[in-house]
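For the sequence shown, this note's numbering assigns the number 61 to the initial residue and increments by one for each residue that follows.
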Amino acid sequence: MPGFDYDLFVIGGGSGGVRGARIAAGFGARVGLAEEKYLGGTCVNVGCVPKKLFSYASHFHEEFEDARGFGWTSGEVSFDWATLKRNKDREIGRLNDVYARMLDRAEVEIHRARAVIEGPNRVRVGDRSYTAANILVAVGGRPWLPDFPGREHVLVSDDLFALERLPKRLVIAGGGYIACEFASIFNGLGLEVDLVYRGKHLLRGFDDDLRHHLANEMRKKGVRIHFDAAFASVEKTADGVKVHLTDGDHLAADAALFAVGRRPYTANLGLEAAGVEVSESGAIVVDDEFRTTAPGIYAVGDVIDRVQLTPVALAEGMFVARRLFGPGGPTVSYENIPTAVFTHPNIGTVGLTEAQARARFDRIRLYKSTFRPMKHTLSGRDEKTFMKLVVDDATDRVVGCHMIGPDAGEIVQGLAVALTCGATKAQFDATLGIHPTAAEEFVTMRTEWVPQPETYPQA
Ligand code: NDP
Numbered sequence: 061m062p063g064f065d066y067d068l069f070v071i072g073g074g075s076g077g078v079r080g081a082r083i084a085a086g087f088g089a090r091v092g093l094a095e096e097k098y099l100g101g102t103c104v105n106v107g108c109v110p111k112k113l114f115s116y117a118s119h120f121h122e123e124f125e126d127a128r129g130f131g132w133t134s135g136e137v138s139f140d141w142a143t144l145k146r147n148k149d150r151e152i153g154r155l156n157d158v159y160a161r162m163l164d165r166a167e168v169e170i171h172r173a174r175a176v177i178e179g180p181n182r183v184r185v186g187d188r189s190y191t192a193a194n195i196l197v198a199v200g201g202r203p204w205l206p207d208f209p210g211r212e213h214v215l216v217s218d219d220l221f222a223l224e225r226l227p228k229r230l231v232i233a234g235g236g237y238i239a240c241e242f243a244s245i246f247n248g249l250g251l252e253v254d255l256v257y258r259g260k261h262l263l264r265g266f267d268d269d270l271r272h273h274l275a276n277e278m279r280k281k282g283v284r285i286h287f288d289a290a291f292a293s294v295e296k297t298a299d300g301v302k303v304h305l306t307d308g309d310h311l312a313a314d315a316a317l318f319a320v321g322r323r324p325y326t327a328n329l330g331l332e333a334a335g336v337e338v339s340e341s342g343a344i345v346v347d348d349e350f351r352t353t354a355p356g357i358y359a360v361g362d363v364i365d366r367v368q369l370t371p372v373a374l375a376e377g378m379f380v381a382r383r384l385f386g387p388g389g390p391t392v393s394y395e396n397i398p399t400a401v402f403t404h405p406n407i408g409t410v411g412l413t414e415a416q417a418r419a420r421f422d423r424i425r426l427y428k429s430t431f432r433p434m435k436h437t438l439s440g441r442d443e444k445t446f447m448k449l450v451v452d453d454a455t456d457r458v459v460g461c462h463m464i465g466p467d468a469g470e471i472v473q474g475l476a477v478a479l480t481c482g483a484t485k486a487q488f489d490a491t492l493g494i495h496p497t498a499a500e501e502f503v504t505m506r507t508e509w510v511p512q513p514e515t516y517p518q519a
């Protein structure tokens with residue numbers, strides 16, 4: 061678009077921003093991108109990627125123990141955090157370079173500085189001002205830390221990736237993705253972990269059976285879960301912190317982590333001046349084509365606070381680029397978003413929970429299976445896998461798949477294709493299993509589950 065320095069200026073070099081920039085440039089747009097911190101954003105630097113590497117590290121603990129049942133003996137095992145952190149940092153550095161090269165190859169101009177919006181078609185980067193026909197805001201979010209006495213003594217998830225030394229005892233506040241994943245990861249790395257959650261069941265929004273099963277399994281592995289409690293205050297002590305809970309209890313630890321959600325990072329971005337409406341939580345308000353209330357300004361990813369997941373930000377960024385510079389296409393669907401929680405054991409889920417399905421359909425059918433994974437018949441580990449299918453009775457369509465067990469995310473990704481295609485339970489039944497796997501259970505559950513008196517109460 062002549063008359064502008066850029067056809068598109070992207071603020072934020074995370075998942076949504078980089079994808080939007082790259083695809084737009086691929087359609088021939090002149091694209092600039094500003095990133096003040098690190099390319100790859102939360103996912104690559106302080107989220108999905110390093111978290112998954114830590115998750116791998118923490119699983120070895122049980123692997124060494126499980127190996128004995130298969131005839132292996134090993135010498136004394138020990139864990140060195142410094143090695144893990146160094147290797148993780150090296151890998152993240154490599155990925156930062158990959159992102160830079162990818163943008164360079166696409167001929168996106170990278171500005172390694174903070175950008176603010178000066179008006180509908182103008183951004184300031186450092187002391188220079190640029191015009192752009194379109195602006196895409198993809199600045200993501202930051203861990204949220206509410207006000208409470210002693211908040212300066214707690215860590216947030218970003219800090220965990222930079223820890224020089226591993227604490228021995230950790231208290232975690234929260235019951236969402238981050239709190240549960242890090243409770244499992246640090247428990248696996250040998251720490252004493254207390255998880256403090258204000259509600260009665262972890263992972264609100266997930267299927268209730270999964271939530272109960274997860275708490276049971278985490279407890280078996282030694283995570284101490286405190287329900288109906290929250291941090292009242294945190295006191296610094298000679299050897300760490302003392303966390304005072306709202307139920308009157310207190311917990312002594314080397315460190316405390318607060319993981320109670322992430323908020324959009326929209327402060328001082330010039331949004332108000334440009335006429336971009338922002339919600340109370342700081343999220344940019346967009347329509348279903350990611351247009352903000354200011355002409356020519358779009359927003360995607362965690363900053364719009366719809367679904368804070370990398371693949372969702374990627375889809376949103378791609379939609380905007382195709383809509384502006386390519387052939388367009390259908391807008392992003394928020395139905396059937398598969399997701400995994402890298403707890404021990406992992407959770408993988410797609411589609412509706414039982415409660416959501418009950419609210420939507422006249423009658424549903426449930427299929428459930430709880431079993432000991434084959435590996436643990438020899439390892440002796442007391443860990444159970446749980447799977448559940450939720451079916452709309454009228455159409456026979458499978459509307460929800462839920463699993464907790466090893467590699468649940470890997471398994472459920474394939475099932476997400478089936479649900480996206482509208483697969484019926486009869487088609488699941490007609491699918492041959494892969495034997496012997498845990499995954500085959502999803503195509504061999506034949507008996508409809510009927511409530512038993514001793515089953516969990518629904519939350
Ligand atoms: P979540 O929204 O998942 O969970 C926040 C938790 O904090 C909930 O348990 C919530 O309780 C609790 N909470 C909220 N406010 C307070 C408060 N004032 N006092 C005490 N507890 C409170 O946020 P996370 O920080 O765990 O993660 C942020 C997002 O990042 C996730 O929503 C997810 O989208 C993404 N993510 C995805 C991962 C993955 O794909 N594997 C991994 C990590 C993060 P309640 O439920 O009662 O409101």
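By construction, the Cβ of each residue, glycine as well, lies at the ideal position given by its N, Cα and C atoms.
Predicted model only: the values in this text are computed from it and were never measured.
Own chain partners of Tyr98 with C-beta closer than 7 Å, once the 5 adjacent residues on each side are dropped: Reading the sequence shown from its first residue, position 38 is the one you call residue 98. Closer than 7 Å at the Cβ level, and outside the excluded window around Tyr98, lie Asn105, Asn156.
Classification of Gln368 by the beta-carbon crowding that lies within 10 angstroms, buried from 16 upward: As a first step, residue 368 is located in the sequence shown; it is residue number 308 there, counting from the start. By the 10 Å Cβ count, Gln368 comes out buried.
Residue span of the alpha helix (DSSP H) that contains Tyr116, given as start and end: Here residue 116 corresponds to residue number 56 of the sequence shown, with the count starting at 1. Element bounds for Tyr116: 108-127.
Segments of 3+ residues assigned as beta strand (DSSP E) that fall wholly inside the stretch 171-238: 175-179, 182-185, 188-197, 201-203, 229-233
DSSP-derived helix/strand/coil call for Asp164: To locate residue 164, count along the sequence shown from 1; it is residue 104. Residue state for Asp164 is assigned as helix, using DSSP reduced to three classes.
Cβ-heavy atom distance, Leu255 to the ligand PLP, below 6 Å: Here the bound small molecules are the ligand NDP; the ligand PLP is not part of this structure.
Unbroken alpha helix (DSSP H) run spanning Glu414, endpoints: Within the sequence shown, residue 414 is the residue found at index 354, counting from 1. Start and end: 414-420.
Opening and closing residue of the beta strand (DSSP E) in which Arg425 lies: Working through the sequence shown from its first residue, we reach residue 425 at position 365. Per DSSP, Arg425 belongs to the beta strand (DSSP E) from 424-431.
The ligand NDP heavy atom lying under 6 Å from the CB of Val401: Looking up residue 401 in the sequence shown gives position 341. Yes, the beta carbon of Val401 sits closer than 6 Å to at least one heavy atom of the ligand NDP.
Nearest candidate by alpha-carbon position, reference Leu305, set Phe287, Val338, Val320, Gly92: As a first step, residue 305 is located in the sequence shown; it is residue number 245 there, counting from the start. Looking at the Cα atoms, Phe287 is the closest of the given residues.
Beta-carbon proximity of Ile407 to Ala468, cut-off 7 Å: Working through the sequence shown from its first residue, we reach residue 407 at position 347. Working through the sequence shown from its first residue, we reach residue 468 at position 408. Cβ atoms of Ile407 and Ala468: closer than 7 Å.
Beta-carbon proximity of Asp365 to Ala400, cut-off 7 Å: Sequence index remark: in the sequence shown, residue 365 carries index 305 (1-based). Sequence index remark: in the sequence shown, residue 400 carries index 340 (1-based). No.
Those residues which DSSP pairs with Val336 across a bridge: Counted from its first residue, the sequence shown places residue 336 at position 276. Partner(s): none; Val336 has no beta bridge.
Residues near Cys103 in its chain [Cβ-Cβ closer than 7 Å; skip 5 each side]: Indexing the sequence shown from 1 puts residue 103 at position 43. By the criterion of a C-beta distance shorter than 7 Å, Cys103 is surrounded in its chain by Gly74, Ser75, Val109, Thr370, once the five residues flanking it on both sides are discounted.
Any non-hydrogen atom of the ligand NDP closer than 6 Å to Ile238 Cβ: As a first step, residue 238 must be located in the sequence shown, where it is residue number 178. Yes, the beta carbon of Ile238 sits closer than 6 Å to at least one heavy atom of the ligand NDP.
DSSP state of Ala400 mapped onto helix, strand, coil: In the sequence shown, the residue the question calls residue 400 occupies position 340. Here Ala400 sits in strand by DSSP.
Reduced DSSP secondary structure (H/G/I, E/B, other) of Asp254: For the purposes of this step, residue 254 is taken as residue 194 along the sequence shown, with counting starting at 1. Note: Asp254 maps to strand in three-state DSSP.
Reference Leu311, options Ile170, Glu136, Gly300, Thr445, closest by Cα: For this step, residue 311 is matched to residue 251 along the sequence shown. Selected option, being the one with the closest Cα: Gly300.
Neighbourhood of Glu508 by C-beta distance below 8 Å, restricted to the same chain and skipping five residues each side: For this step, residue 508 is matched to residue 448 along the sequence shown. The residues are Arg425, Leu426, Tyr427.
Pick from Tyr358, Ala415, Ser244 that is closest to Val70, judged by C-alpha positions: Here residue 70 refers to the residue found at position 10 of the sequence shown. Minimum Cα distance to Val70 is reached at Tyr358.
Cα-Cα separation between Ala519 and His273, rounded to whole angstroms: The residue you call residue 519 lines up with position 459 of the sequence shown. The residue you call residue 273 lines up with position 213 of the sequence shown. Annotation note: pLDDT 48 at Ala519 (below 50); position unreliable, no value reported.
Contact under 7 Å by Cβ, Ala313 with Arg229: Here residue 313 refers to the residue found at position 253 of the sequence shown. Here residue 229 refers to the residue found at position 169 of the sequence shown. Contact: yes.
Opening and closing residue of the alpha helix (DSSP H) in which Phe266 lies: Here the question's residue 266 lines up with position 206 in the sequence shown. First-last for Phe266: undefined, no H or E at that position.
Segment limits, beta strand (DSSP E) that includes His436: By 1-based counting over the sequence shown, the position of residue 436 is 376. It is not in any beta strand (DSSP E) - His436 instead sits in the alpha helix (DSSP H) that spans 435-439.
Reduced DSSP secondary structure (H/G/I, E/B, other) of Phe69: Position 9 of the sequence shown holds residue 69. If DSSP states are grouped into helix, strand and coil, Phe69 belongs with the strands.
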